[in-house]
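Undergrad: Going letter by letter, the first sequence gives residues 12 to 434 in the numbering used here.
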Amino acid sequence: MARGAWELPQALERGVADLFPAGQAEGAAADADQQLAARLAEAERDGRPLRVKLGIDPTGSDIHLGHSILFRKLRAFQDAGHTAVLIIGDFTARIGDPTGKSATRVQLSAEAVEANAATYLQQLGQGQDPQRALLDFSTPGRLEVRRNSEWLSGLDLPQVIELLGISTVGQMLAKEDFANRYGSGTPISLHEFLYPFLQGYDSVAIRSDLELGGTDQKFNVAMGRDLQRHFGQRPQFGMLLPILPGLDGVQKMSKSLANTVGLSEDPLSMYSKLEKVPDAVVEEYLTLLTDLELAQLPANPRERQKAMALAVTRQRHGAEAALQAQADAATLVGGASGSGAADAEVPEASLAAVNFPAKAFYLLSAVGICASSSEARRQIQGGGVKLDGEKLADPNHEFADAAALQGKVLQLGKKTFRRLVAG
RNA sequence: GGGUCGGUGCCCGAGUGGUUAAUGGGGGCGGACUGUAAAUCCGCUGGCUCUGCCUACGUUGGUUCAAAUCCAACCCGGCCCA
Numbered sequence: 012m013a014r015g016a017w018e019l020p021q022a023l024e025r026g027v028a029d030l031f032p033a034g035q036a037e038g039a040a041a042d043a044d045q046q047l048a049a050r051l052a053e054a055e056r057d058g059r060p061l062r063v064k065l066g067i068d069p070t071g072s073d074i075h076l077g078h079s080i081l082f083r084k085l086r087a088f089q090d091a092g093h094t095a096v097l098i099i100g101d102f103t104a105r106i107g108d109p110t111g112k113s114a115t116r117v118q119l120s121a122e123a124v125e126a127n128a129a130t131y132l133q134q135l136g137q138g139q140d141p142q143r144a145l146l147d148f149s150t151p152g153r154l155e156v157r158r159n160s161e162w163l164s165g166l167d168l169p170q171v172i173e174l175l176g177i178s179t180v181g182q183m184l185a186k187e188d189f190a191n192r193y194g195s196g197t198p199i200s201l202h203e204f205l206y207p208f209l210q211g212y213d214s215v216a217i218r219s220d221l222e223l224g225g226t227d228q229k230f231n232v233a234m235g236r237d238l239q240r241h242f243g244q245r246p247q248f249g250m251l252l253p254i255l256p257g258l259d260g261v262q263k264m265s266k267s268l269a270n271t272v273g274l275s276e277d278p279l280s281m282y283s284k285l286e287k288v289p290d291a292v293v294e295e296y297l298t299l300l301t302d303l304e305l306a307q308l309p310a311n312p313r314e315r316q317k318a319m320a321l322a323v324t325r326q327r328h329g330a331e332a333a334l335q336a337q338a339d340a341a342t343l344v345g346g347a348s349g350s351g352a353a354d355a356e357v358p359e360a361s362l363a364a365v366n367f368p369a370k371a372f373y374l375l376s377a378v379g380i381c382a383s384s385s386e387a388r389r390q391i392q393g394g395g396v397k398l399d400g401e402k403l404a405d406p407n408h409e410f411a412d413a414a415a416l417q418g419k420v421l422q423l424g425k426k427t428f429r430r431l432v433a434g
């Protein structure tokens, strides 16, 4: 999409994959129902900030960088003076968004949903300095946090039937996910059809002017427009951002694919994961996760990769911690093999749970560096384990007591380190 | 509701009575190499302080000296019919 295609401020336009409706800029009077630029101008003229909707279903406990691109965009709207309406999908989380799913999602209990919601808000920066936080929680009028159970749990059957009457089975089956599943004989539960209506109804309930979402949300966002029109409201705009590829560079970033970087990860692991994302996605990461001016970065791919990793880490942890993480990563990985590792900042692991005397393979699992003692045994035999830079070759090597290990750095592969501390 | 086919380890998928944690592929992890990577090559890939012992082929029972493999019931799913 060419820069300036929608005549939006750079901060709002950066990285946008799709914006609809997108009426022609030329021609008759700018139409505030068809062009976002016109709607923005109208908002400014009338002194009425836009209501920008972003819904999240609290189905997990961690927010990762893939989610953050939407929050970054939401923040950009906040910074431009608009109202972010963050919808916690406490009701819809219990149905599960079928988008992108090849199977029916497990339904969550109300308690689990509420607990997840709380950690989400915390990760988004509730109660934190707006400079460092992802969203601005403190400036008055810039944020509304709503739960969709507010309006959804009160719908009665006649109302639900009214909603369902707005669309057709044909339209539902035209949705890619449903079409794929139906076509391949994978089950689709009927209640999953309800999801788009409920998400759409959220837009009605909060009188959304614009909804943010990933490109896979087009169907649901468009449904919001249909419902708003049905209920006599001015339909929202849809602004879609790309789905961030995960660390594998191929599939979308998703916890279940274990290719994520969590927002609250420590600086070192955040940096070292990011500095080795595949070349193919570095530009996308730069565009979507940083504010760096792409043209001014060095051309060398390795340098761009590092600049990206540094910039993202800085946003979350500050400049100092980010630089430290960069230095540590260089020491640990690039490695004046081992000797430097002892000095670098490394997450600690307690020996409290270890029963001595401890055999090497048992130690690895007891300390949490390997998932099981069997795995630890294999890793040692495979030559992937070092203690203070020296290869541990014998899985049965016995350590008599904690004192022998205190302060040493246990390393698995190239990127997993734990400094052992007495419990 | 009726008919029919099917449910195997993270995923896909072999395997139809008997040396075996269970062929093969994918993914993942580790090693070498490199710009950290990618590509390539090699190793590992149920659990347990482990020269052995557990637990595993939808569930529960049964037949057998012996079952993922045979039988029964049940649960779940696809397709066809209603």
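Note that CB positions come from ideal geometry on N, CA and C, so glycine has one too. Only a predicted model underlies this, so the values are computations on that prediction, with no experimental measurement involved.
#1: Where Gly400 and Ile391 are concerned, what is the direct C-alpha to C-alpha distance, given to the nearest angstrom?
#2: What would DSSP say about Thr342, mapped onto helix, strand or coil?
#3: Would you be able to state if there are at least three C-beta pairs under 8 Å between the region 26 to 35 and the region 162 to 175?
#4: How is Lys317 classed by DSSP in three states: helix, strand or coil?
#5: Could you give the C-beta distance for Gly211 and Gly235, rounded to a whole number, given that I count them as a contact under 8 Å?
#6: Using a Cβ-Cβ cutoff of less than 6 Å, which residues in the same chain neighbour Leu145 once the five nearest sequence positions on both sides are dropped?
#7: Can you give the Cα-Cα distance for Ala49 and Ala43, rounded to whole angstroms?
#8: Count Cβ pairs between the region 76 to 91 and the region 247 to 257 that sit closer than 8 Å; are there 3 or more?
#9: Within the continuous alpha helix (DSSP H) that includes Gly77, where are the two ends?
#10: Enumerate in chain order the residues of its own chain whose CB-to-CB distance from Glu409 is below 6 Å, with the five nearest sequence positions on each side excluded.
#11: Whose CA, out of Ala190, Ile177, Glu276 and Leu279, lies closest to the CA of Ala233?
#12: Grab me the residues of Leu47's own chain with a C-beta within less than 8 Å of its C-beta, minus the 5 sequence neighbours each way, in chain order.
#13: Hey, could you find the ends of the alpha helix (DSSP H) Asp290 is sitting in?
#14: Please work out which residues of its chain come closer than 6 Å, Cβ to Cβ, to Thr443, disregarding the five sequence neighbours upstream and downstream, and give them in chain order.
#15: What does the Cβ neighbour count give for Ser214, buried or exposed, with the cut at 16 atoms within 10 Å?
#16: Nearest-angstrom Cα distance between Trp162 and Thr271?
#17: Look at the Cβ atom of Asp188, then the Cβ atom of Pro109, and state whether they are nearer than 8 Å.
#18: Which of the three DSSP states, helix, strand or coil, is assigned to Arg429?
#19: With respect to the alpha helix (DSSP H) encompassing Thr130, which residues constitute its N-terminal and C-terminal limits?
#20: Using 8 Å as the Cβ pair cut-off and three pairs as the minimum, do the region 312 to 331 and the region 272 to 288 touch?
#21: So, does the region 124 to 143 touch the region 191 to 205, judging by three or more C-beta pairs under 8 Å?
#22: Could you work out which residue in Glu276, Leu403, Val124 and Asp259 is closest to Ala269 when comparing CA atoms only?
#23: If Thr94 sits next to Glu24, beta carbons under 8 Å apart, how far is it from one beta carbon to the other, in whole angstroms?
#24: Quick check on DSSP: helix, strand or coil for Gly211?
#25: When we look at the beta-carbon of Ala336 and count the other beta-carbons within 10 Å, is it buried (16 or more) or exposed?
#26: Who are the Cβ neighbours of Gly424 in its own chain at under 6 Å, not counting the five residues just before and after it?
#27: Determine, using beta carbons only, whether Ala364 and Leu375 come nearer to each other than 8 Å.
#28: Counting along the chain, where does the beta strand (DSSP E) carrying Leu65 start and finish?
#29: Can you tell me which of Ala382, Ala123 and Pro60 puts its alpha carbon nearest to the alpha carbon of Asp90?
#30: Run the CB neighbour count on Ala340, radius 10 Å, all protein chains shown included, and call it buried at 16 or more, exposed below.
#31: How would you label His202, buried or exposed, when you count the other beta carbons within 10 angstroms and need 16 or more for buried?
#32: So, under 8 Å CB-CB, Lys419 and Leu398 are touching, yes? Tell me the CB distance rounded to an integer number of Å.
#33: Taking its Cβ as the centre, do 16 or more other Cβ atoms sit within 10 Å of Arg143, making it buried, or is it exposed?
#34: I need the straight-line Cα distance from Ala310 to Leu421, nearest angstrom please.
TA: The structure says:
#1: The alpha-carbon separation between Gly400 and Ile391 amounts to approximately 14 Å.
#2: Residue state, collapsed to three classes: helix.
#3: The region 162 to 175 is not in contact with the region 26 to 35.
#4: Reduced to three states, the DSSP call for Lys317 is helix.
#5: Your pair Gly211 and Gly235 checks out as a contact, with CB atoms roughly 4 Å apart and the cut at 8 Å.
#6: For Leu145, where only same-chain residues beyond five positions count, the Cβ hits under 6 Å are Phe82, Leu135 and Gly136.
#7: If you take the alpha carbons of Ala49 and Ala43, they lie about 5 Å apart.
#8: In short, these stretches touch, since the Cβ pair count reaches three.
#9: According to the DSSP assignment, Gly77 belongs to the alpha helix (DSSP H) that extends over Leu76 to Asp90.
#10: These residues qualify, in order along the chain: Pro368 and Lys370.
#11: Residue Ile177 holds the alpha-carbon nearest to the alpha-carbon of Ala233 among Ala190, Ile177, Glu276 and Leu279.
#12: These residues qualify, in order along the chain: Trp17, Leu19, Leu30, Ala33, Leu221, Phe248 and Met250.
#13: Asp290 -> alpha helix (DSSP H) spans Asp290 to Leu300.
#14: This structure leaves residue 443 out entirely; the chain is present only between 12 and 434.
#15: By the neighbour-count criterion, in which 16 or more other beta carbons inside 10 Å mark a residue as buried, Ser214 falls on the buried side.
#16: So the two alpha carbons sit approximately 33 Å from each other.
#17: In this structure, Asp188 places its C-beta atom within 8 Å of the C-beta atom of Pro109.
#18: DSSP, reduced to helix, strand and coil, places Arg429 within a strand of the structure shown.
#19: Start and end: Ala121 to Leu135.
#20: Taking 8 Å as the limit for Cβ pairs, the verdict is that the region 272 to 288 does touch the region 312 to 331.
#21: Result no; under three Cβ-Cβ pairs closer than 8 Å.
#22: Checked all of Glu276, Leu403, Val124 and Asp259; the closest Cα to Ala269 is Asp259.
#23: The Cβ separation is near 19 Å, so there is no contact.
#24: Gly211: helix per DSSP, three-state reduction.
#25: Ala336 should be labelled buried.
#26: Cβ-Cβ distances below 6 Å link Gly424 to Gly395 in the same chain, with the five nearest sequence neighbours on each side left out; the list follows chain order.
#27: Going by C-beta atoms, Ala364 is not nearer than 8 Å to Leu375.
#28: Its beta strand (DSSP E) spans residues Arg62 to Ile67.
#29: Checked all of Ala382, Ala123 and Pro60; the closest Cα to Asp90 is Pro60.
#30: With 16 or more other CB atoms across the displayed protein chains lying within 10 angstroms of its CB, Ala340 is buried.
#31: Within a 10 Å sphere around the beta-carbon of His202 sit fewer than 16 other beta-carbons, which makes this residue exposed.
#32: With 8 Å as the limit, Lys419 and Leu398 qualify as a contact, their Cβ atoms being about 6 Å apart.
#33: Here Arg143 is exposed. Its C-beta has fewer than 16 other C-beta atoms within 10 Å.
#34: Between Ala310 and Leu421, the C-alpha separation is close to 36 Å.
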